[in-house]
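One structure is given here, and the rest of the page talks about it.
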Amino acid sequence: MLIPEMASTQLAEEYREIKRPLLMNAFPDENNGIERANLILVTSSVPGEGKTFTAMNLALSIAMERDKWVLLIDADVAKPSIGSLLGRPGDLGLTDLLKDKGIGFSDVAFKTDVPNLTVLPAGRQDRHSTELLASDAMKRFVNELSNRYSDRVVIFDSPPLLAATQGAVLASLVGQVVLVVEADSTPQYIVQEAIAKLSSCDVIGCVLNKTNQGFAFNYYNYFYGYGYGNYGHGQKAQV
Ligand SMILES: Nc1ncnc2c1ncn2[C@@H]1O[C@H](COP(=O)(O)OP(=O)(O)OP(=O)(O)O)[C@@H](O)[C@H]1O
Ligand SMILES: [Mg+2]
1219 MLIPEMASTQ LAEEYREIKR PLLMNAFPDE NNGIERANLI LVTSSVPGEG KTFTAMNLAL
1279 SIAMERDKWV LLIDADVAKP SIGSLLGRPG DLGLTDLLKD KGIGFSDVAF KTDVPNLTVL
1339 PAGRQDRHST ELLASDAMKR FVNELSNRYS DRVVIFDSPP LLAATQGAVL ASLVGQVVLV
1399 VEADSTPQYI VQEAIAKLSS CDVIGCVLNK TNQGFAFNYY NYFYGYGYGN YGHGQKAQV
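Residue numbers (the numbering used here): 1219 to 1457.
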């Protein structure tokens, strides 16, 4: 994960590239017509492509900018992982907030030691927990987030789009979607099927993940053609 000490690494640089267009859409100089652009869903076509890795690193990268506040929500309630990744498995979270009127946001969200990063874990699971994501309570909660926290970036980790319907429902509630695609693994027709489920979204960005032919490789080809020899040779991007 992208910790503050890694600010000058290639991973940090790649996340700068990834977050820049998202932040420009979320906080535009003039009205860009994108509703709820500060709410960003990180999803993928199938399991294991790197949604949680991307959501966490994107949240960390944005939170490390001094004037940006980030709320990271684990909305993959059937397969939660952010709570455990941060050493807090089993905490109450999103599902409890949606189910129980007696539980408020501040009861279940926690601050991290990255000053501008707050986390809302997935919460306790039961057999109805995935249905909660498509509930009116979830719609109300997301609306409240976009109104009350319009100066914050809210990042949702989500279920994969083709494994369950909840991913597509969540996508309809946010302003921007980041579709994580695992390089050399997910077939093109699967990615196209996933994109077809995002028709309600204004902005869909794509992260090609787990590739070992990153930006450096392209620079290498470019410079090689112009006689710059070995520039960039041997570098491998992770994202
Ligand atoms: N760019 C990357 N570089 C190195 N490791 C990665 C990268 N992306 C993902 N991984 C690793 O791949 C595994 C799967 O990633 P992750 O858990 O983020 O996927 P996911 O899409 O959230 O999966 P699930 O659908 O099960 O929730 C993890 O072990 C993660 O650390
Ligand atoms: Mg995950």
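C-beta atoms are modelled at their ideal positions from N, C-alpha and C, and glycine is treated no differently.
Kindly give me the distance between the Cβ atoms of Q1384 and L1363, rounded to whole angstroms, as I take these residues to be in contact under 8 Å. Your numbering for residue 1384 matches position 166 in the sequence shown. Your numbering for residue 1363 matches position 145 in the sequence shown. Going by Cβ atoms, the distance from Q1384 to L1363 rounds to 17 Å, so no, they are not a contact pair.
Cα-Cα, which of G1251, S1279, P1239 is closest to Q1228? The residue labelled residue 1228 in the question sits at position 10 within the sequence shown. Selected option, being the one with the closest Cα: S1279.
Please return the same chain residues whose Cβ sits closer than 7 Å to the Cβ of N1250, not counting the five positions on each side in sequence. Locating residue 1250 in the sequence shown gives position 32, counting from the first residue. Closer than 7 Å at Cβ, skipping near neighbours: N1243.
What number of angstroms, rounded off, separates the C-alpha of G1266 from the C-alpha of T1330? Residue mapping note: residue 1266 aligns to position 48 of the sequence shown, counting from 1. Residue mapping note: residue 1330 aligns to position 112 of the sequence shown, counting from 1. Their backbone Cα atoms lie some 25 Å apart in a straight line.
Hey, could you find the ends of the alpha helix (DSSP H) N1250 is sitting in? Walking along the sequence shown from the start, residue 1250 turns up at place 32. No alpha helix (DSSP H) contains N1250, which DSSP labels as neither H nor E.
Nonlocal neighbours in the same chain, by C-beta distance under 7 Å from S1417, ignoring five residues either side: For the purposes of this step, residue 1417 is identified with residue 199 of the sequence shown, where counting begins at 1. Contacts found: none.
Do L1299 and ligand 2 come close, with the Cβ less than 7 Å from some heavy atom? Residue mapping note: residue 1299 aligns to position 81 of the sequence shown, counting from 1. The identity of residue 1299 in the sequence shown is Ser, whereas the question assumes Leu. Yes, since a heavy atom of ligand 2 falls inside the 7 Å radius drawn around the Cβ of S1299.
DSSP state of S1347 mapped onto helix, strand, coil: Residue mapping note: residue 1347 aligns to position 129 of the sequence shown, counting from 1. S1347 falls in the helix class under three-state DSSP.
Once you ignore the five residues that flank L1241 on each side, which residues in its own chain have a CB closer than 8 Å to its CB? Residue numbering aside, residue 1241 sits at position 23 when the sequence shown is read from its first letter. The answer, listed in chain order, is I1280, K1286, V1371.
Please state whether DSSP places E1362 in a helix, a strand or coil. Along the sequence shown, read from residue 1 onward, the residue named residue 1362 stands at position 144. Reduced to three states, the DSSP call for E1362 is helix.
Would the C-beta of T1270 count as close to ligand 1, meaning under 7 Å from any of its heavy atoms? In the sequence shown, residue 1270 corresponds to position 52, counting from 1. The answer is yes for T1270.
Please determine if the region 1294 to 1301 and the region 1333 to 1341 are in contact, where contact requires at least 3 C-beta pairs separated by less than 8 Å. yes
Please determine whether the Cβ atom of D1375 lies at a distance below 7 Å from any heavy atom of ligand 2. Residue numbering aside, residue 1375 sits at position 157 when the sequence shown is read from its first letter. Because some heavy atom of ligand 2 lies under 7 Å away, the Cβ of D1375 counts as near it: yes.
Cβ pair N1427, V1399 closer than 8 Å: For the purposes of this step, residue 1427 is taken as the residue at position 209 of the sequence shown. For the purposes of this step, residue 1399 is taken as the residue at position 181 of the sequence shown. Between N1427 and V1399, the gap from beta carbon to beta carbon is short of 8 Å.
To the nearest angstrom, how far is the alpha carbon of T1313 from that of Y1233? Here residue 1313 is taken as the residue at index 95 of the sequence shown, counted from 1. Here residue 1233 is taken as the residue at index 15 of the sequence shown, counted from 1. The straight-line gap from Cα to Cα measures roughly 29 Å.
Quick test of your reading: N1256 and S1403, contact by CB under 8 Å. State the CB separation rounded to the nearest angstrom. As a working mapping, residue 1256 is identified with position 38 in the sequence shown. As a working mapping, residue 1403 is identified with position 185 in the sequence shown. The pair is not a contact, with the Cβ atoms about 31 Å apart (cut-off 8 Å).
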